[in-house]
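Engineer:
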Amino acid sequence: MSTQLSTPVKRPTPRRSTRRQPRIHRAWIVAAVTFVTLVGGAAFNALPGVLIDPLHQEFSWSRGEIGFAISLTMALYGLTAPFAAALMDRFGIRRVVVVALSMTAAGSLLSVFMTASWQLMLYWGVLVGLGSGSMALAFSATVTNRWFVARRGLVTGILTAGGASGQLVFLPLCAWIVEEHGWRPAAVTVTLAAAAVVPLVWLLLRDHPADVGLAPYGGEYVEKPAPQRGAARRALRVLADAAKTGPFWLLCATFAICGASTNGLIRTHFVPAAHDHGMAITVAASLLAVIGVFDIIGTIGSGWLTDRYDPRRLLAVYYALRGVSLLLLPMLLAPAVQPPMLFFVVFYGLDWIATVPPTIALCREHYGDDSAIVFGWVLASHQVGAAVVAFLGGVARDVFGSYDVVWYGSGALCAAAALMALVIRRGRRG
Numbered sequence: 003m004s005t006q007l008s009t010p011v012k013r014p015t016p017r018r019s020t021r022r023q024p025r026i027h028r029a030w031i032v033a034a035v036t037f038v039t040l041v042g043g044a045a046f047n048a049l050p051g052v053l054i055d056p057l058h059q060e061f062s063w064s065r066g067e068i069g070f071a072i073s074l075t076m077a078l079y080g081l082t083a084p085f086a087a088a089l090m091d092r093f094g095i096r097r098v099v100v101v102a103l104s105m106t107a108a109g110s111l112l113s114v115f116m117t118a119s120w121q122l123m124l125y126w127g128v129l130v131g132l133g134s135g136s137m138a139l140a141f142s143a144t145v146t147n148r149w150f151v152a153r154r155g156l157v158t159g160i161l162t163a164g165g166a167s168g169q170l171v172f173l174p175l176c177a178w179i180v181e182e183h184g185w186r187p188a189a190v191t192v193t194l195a196a197a198a199v200v201p202l203v204w205l206l207l208r209d210h211p212a213d214v215g216l217a218p219y220g221g222e223y224v225e226k227p228a229p230q231r232g233a234a235r236r237a238l239r240v241l242a243d244a245a246k247t248g249p250f251w252l253l254c255a256t257f258a259i260c261g262a263s264t265n266g267l268i269r270t271h272f273v274p275a276a277h278d279h280g281m282a283i284t285v286a287a288s289l290l291a292v293i294g295v296f297d298i299i300g301t302i303g304s305g306w307l308t309d310r311y312d313p314r315r316l317l318a319v320y321y322a323l324r325g326v327s328l329l330l331l332p333m334l335l336a337p338a339v340q341p342p343m344l345f346f347v348v349f350y351g352l353d354w355i356a357t358v359p360p361t362i363a364l365c366r367e368h369y370g371d372d373s374a375i376v377f378g379w380v381l382a383s384h385q386v387g388a389a390v391v392a393f394l395g396g397v398a399r400d401v402f403g404s405y406d407v408v409w410y411g412s413g414a415l416c417a418a419a420a421l422m423a424l425v426i427r428r429g430r431r432g
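The letter at position 354 of the sequence shown is residue 356 when you use our numbering, and the numbering goes up by one with no holes.
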């Protein structure tokens, strides 16, 4: 009887990097580049609030017209996001972001030469809306989902703060430029900021940890998935699937109110509203920039809390506190900055976009691998809410001569959002 000896079969091992792991994981470098990109891309967000009065004075356009152009930017910003997330799966993050930055820079530069309000709609509304929408928070969600397993909430908070940092850097600068040299040099400054980030993105941003032979931070090595064709079809399919679930609609409703009470209201109308009460534009813009400082602290802190506590309860607290602050704001506006206004700036700043990390966490819990695209659709609702209030705020100012009705209405909406957040059911953890 013969014995047959079997030779062990060598199994292929996953394609990993054989080099020693670096002290700083590449994921943190990608996160840093993403942060800088969001800062540069957010430069345009500093412009609308400080340009409403100069454009009204130079071209005699109504505040409603200017508000409509801003609302178009915000709406396209949101509606582009889910398609941009799908395009990143198809063509890669780097290519999509480079094109987006270029569109934002082009729209801002072309606005220097505009003479009619339809050009404002085209350059600000369409070009900047599409460009900035492709670098929206869905970009942050895509980077976080691919490069991080551990510290996702914290990283989401840091990247979300990138937009606030852009506001912090560019708002006082743009306000000073507008006051000293006019609005056109301010638009050129924004153009240069967006264009300057392009080489950094192309050289340092990578689409997936597998591109450099690494596992995501805090996770196991996974192969890079094949490009997913049919980006638009996929984005619509994900929407159709998510729309069959209750949490999606609650997240959309609460985030629409978030957009209405931040980008649509404070970012667009705080400076002209303060100016109506005799405050200098540069002072009002500086207050808005200080809101951005505390926004960074609040958003990073919210990311840390999201890793540890129920995101639904966090959202309820955030919306309730924001509503209270907005109801008090009309009593605080004055020619000079008083201590109660400084308290509002700190309080509101901590809460500005603290809602983002828990909202992304809930999308991830409920929708898994499609969560970045789902969040893109949720972000679309955020921007639609912002667009509506950006437009209606300008109309209210034209009709009533004051923004008071908009402050009170937004405060009431925030109370409704707090209640809706508590109704969202929990999903699977992951």
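All C-beta atoms in this analysis are idealised placements derived from N, C-alpha and C, irrespective of residue type, glycine included.
Out of Leu252, Leu78 and Arg324, which has the shortest C-alpha to C-alpha gap to tyrosine 125?
Structural biologist: Here residue 125 refers to the residue found at position 123 of the sequence shown. Closest by alpha carbon: Leu78.
Engineer: Does the region 115 to 130 come close enough to the region 198 to 211 that 3 or more CB-CB pairs lie under 8 Å?
Structural biologist: These segments do not touch.
Engineer: Got a sec? Which residues, its chain only, sit under 6 Å from serine 73 by beta carbon, not counting five neighbours each side?
Structural biologist: Position 71 of the sequence shown, counted from the first residue, corresponds to residue 73. Ala389, Ala392 and Phe393.
Engineer: Which runs of the alpha helix (DSSP H) fall wholly inside the region 214 to 296 and span at least 4 residues, in chain order?
Structural biologist: Those alpha helix (DSSP H) runs which fall completely within the region 214 to 296 and span 4+ residues are 233 to 244, 248 to 263 and 270 to 278.
Engineer: Along the chain, where does the alpha helix (DSSP H) containing phenylalanine 115 start, and where does it finish?
Structural biologist: Stepping through the sequence shown from its first residue, residue 115 is reached at position 113. Note, phenylalanine 115: premise wrong, no alpha helix (DSSP H); not H, not E.
Engineer: In this structure, what does DSSP give as the bridge partners for phenylalanine 150?
Structural biologist: Along the sequence shown, one-based indexing puts residue 150 at 148. The partner list for phenylalanine 150 (beta bridge, DSSP) reads Tyr219.
Engineer: Do you know offhand how far arginine 154's Cα is from proline 274's?
Structural biologist: Position 152 of the sequence shown, counted from the first residue, corresponds to residue 154. Position 272 of the sequence shown, counted from the first residue, corresponds to residue 274. Taking the straight line joining both Cα atoms gives about 37 Å.
Engineer: Taking the CB atoms as reference points, tell me whether glycine 80 and valine 386 lie closer together than 9 Å.
Structural biologist: As a position in the sequence shown, residue 80 is number 78, starting the count at 1. As a position in the sequence shown, residue 386 is number 384, starting the count at 1. Yes. Within cutoff.
Engineer: Ends of the alpha helix (DSSP H) at glycine 395?
Structural biologist: Walking along the sequence shown from the start, residue 395 turns up at place 393. Start and end: 373 to 402.
Engineer: Can you name, in chain order, every residue of its own chain whose Cβ lies under 6 Å from the Cβ of glycine 159, other than the five neighbours on each side?
Structural biologist: Taking the sequence shown and counting its residues from 1, the one referred to as residue 159 is at position 157. So the list reads Thr301, Ile302, Ser304, Gly305 and Pro359, once near-sequence residues are dropped.
Engineer: Would you mind stating whether valine 180 and leucine 53 have Cβ atoms separated by less than 9 Å?
Structural biologist: Within the sequence shown, numbered from 1, the residue matching residue 180 stands at position 178. Within the sequence shown, numbered from 1, the residue matching residue 53 stands at position 51. Against a cut-off of 9 Å, the Cβ pair of leucine 53 and valine 180 comes out as a contact.
Engineer: Got a sec? Which residues, its chain only, sit under 7 Å from leucine 132 by beta carbon, not counting five neighbours each side?
Structural biologist: Against the sequence shown, residue 132 aligns to sequence position 130. These residues qualify, in order along the chain: Leu78, Thr82 and Met105.
Engineer: Keeping to the same chain, check which residues put their C-beta closer than 7 Å to that of histidine 65; ignore five residues upstream and five downstream.
Structural biologist: Within the sequence shown, the letter at position 63 stands for residue 65. A quick correction: the sequence has arginine, not histidine, at residue 65. Same-chain partners within the cutoff: Ile54, His58, Gly396, Arg399 and Asp400.
Engineer: Buried or exposed: leucine 415, going by 16 or more other Cβ atoms within 10 Å of its Cβ?
Structural biologist: Numbered from its first residue, the sequence shown carries residue 415 at position 413. The residue in question, leucine 415, is buried, as its Cβ has 16 or more Cβ neighbours within 10 Å.
Engineer: Taking 9 Å as the cut-off, decide whether the C-beta atoms of aspartate 297 and glycine 351 are in contact.
Structural biologist: Looking up residue 297 in the sequence shown gives position 295. Looking up residue 351 in the sequence shown gives position 349. For aspartate 297 and glycine 351, yes; Cβs fall inside 9 Å.
Engineer: With DSSP as the reference, label glutamine 340 as helix, strand or coil.
Structural biologist: Counting from one through the sequence shown, the residue named residue 340 turns up at place 338. Coil.
Engineer: If you drop the 5 nearest sequence neighbours on each side, which residues of the same chain put their C-beta closer than 8 Å to that of phenylalanine 257?
Structural biologist: To locate residue 257, count along the sequence shown from 1; it is residue 255. The answer, listed in chain order, is Thr357, Thr361, Val380, Leu381, Ser383, His384 and Gly387.
Engineer: Between the alpha carbons of leucine 173 and histidine 271, how many angstroms are there, rounded?
Structural biologist: Taking the sequence shown and counting its residues from 1, one reaches residue 173 at position 171. Taking the sequence shown and counting its residues from 1, one reaches residue 271 at position 269. Taking the straight line joining both Cα atoms gives about 14 Å.
Engineer: Taking C-alpha atoms, which residue in Phe250, Val32, His183 and Leu129 lies nearest to phenylalanine 150?
Structural biologist: The count along the sequence shown starts at 1 and reaches residue 150 at position 148. When only C-alpha atoms are compared, the closest one is Val32.
Engineer: In angstroms with no decimal places, state the Cα-to-Cα distance between phenylalanine 115 and methionine 137.
Structural biologist: For this step, residue 115 is matched to residue 113 along the sequence shown. For this step, residue 137 is matched to residue 135 along the sequence shown. For phenylalanine 115 and methionine 137, the distance between alpha carbons rounds to 25 Å.
Engineer: Just to confirm the assignment, what range does the alpha helix (DSSP H) spanning alanine 419 have?
Structural biologist: Stepping through the sequence shown from its first residue, residue 419 is reached at position 417. Here the alpha helix (DSSP H) through alanine 419 covers 406 to 425.
Engineer: Just the Cα atoms here: how many angstroms apart are aspartate 278 and alanine 423?
Structural biologist: Position 276 of the sequence shown, counting from 1, holds the residue named residue 278. Position 421 of the sequence shown, counting from 1, holds the residue named residue 423. Spanning the two alpha carbons is a distance of roughly 35 Å.
Engineer: Please return the same chain residues whose Cβ sits closer than 6 Å to the Cβ of alanine 87, not counting the five positions on each side in sequence.
Structural biologist: Start at 1 with the first residue of the sequence shown, and residue 87 comes out as number 85. So the qualifying residues of the chain are Ala140, Thr144, Ala374, Ile375 and Gly378.
Engineer: Comparing alpha-carbon positions, which option in Pro341, Arg366, Trp354 and Ala196 lies nearest proline 313?
Structural biologist: As a position in the sequence shown, residue 313 is number 311, starting the count at 1. Cα-wise, what sits closest to proline 313 is Arg366.
Engineer: Among the candidates Arg25, Ala177, Ser142 and Phe402, whose CA atom is the shortest distance from the CA of leucine 290?
Structural biologist: Numbered from its first residue, the sequence shown carries residue 290 at position 288. Per the Cα distances, Ala177.
Engineer: If you run the structure through DSSP and keep just helix, strand and coil, what is glycine 42?
Structural biologist: For this step, residue 42 is matched to residue 40 along the sequence shown. Three-state result, glycine 42: helix.
Engineer: On the DSSP letters alone, give me the boundaries of the alpha helix (DSSP H) that arginine 208 sits inside.
Structural biologist: Reading the sequence shown from its first residue, position 206 is the one you call residue 208. It is not in any alpha helix (DSSP H) - arginine 208 carries neither H nor E in the DSSP assignment.
Engineer: Apply the 10 Å Cβ neighbour rule to glycine 248 and answer buried if 16 or more other Cβ atoms are within range, or exposed otherwise.
Structural biologist: To locate residue 248, count along the sequence shown from 1; it is residue 246. Exposed.
Engineer: One question on the structure: do leucine 156 and leucine 129 come within less than 9 Å of each other, judged by their Cβ atoms?
Structural biologist: Translated into the one-based positions of the sequence shown, residue 156 becomes position 154. Translated into the one-based positions of the sequence shown, residue 129 becomes position 127. No, these two residues do not count as a Cβ contact at 9 Å.
Engineer: Does the distance from the C-beta atom of glycine 215 to that of alanine 152 stay below 9 Å?
Structural biologist: For the purposes of this step, residue 215 is taken as the residue at position 213 of the sequence shown. For the purposes of this step, residue 152 is taken as the residue at position 150 of the sequence shown. Cβ atoms of glycine 215 and alanine 152: not closer than 9 Å.
Engineer: Where does aspartate 309 fall in DSSP's three states?
Structural biologist: Sequence index remark: in the sequence shown, residue 309 carries index 307 (1-based). DSSP places aspartate 309 in coil when its eight states are reduced to three.
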